[in-house]
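Using the working numbering, the first residue of the sequence shown is number 1, and each one after it goes up by one. Working notes, beginning with the structure itself.
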Amino acid sequence: MEGKKYEISFWNKYKKFATTEILMYLIMIIGIGLGIIFLI
């Protein structure tokens, strides 16, 4: 039970960081995609 409680708090703390990380990757992928489109 104690391990699960820690896991939940860990994920709550990490959620914000994970969201910004995903957004950063999405922006990077979109940027690369646009770059390829404009190069062709």
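A virtual CB, placed ideally from N, CA and C, is assigned to each residue, including glycine.
Residue i (DSSP reduced to helix, strand or coil)
i: Ile-22; result: helix
i: Ile-29; result: helix
i: Ile-40; result: coil
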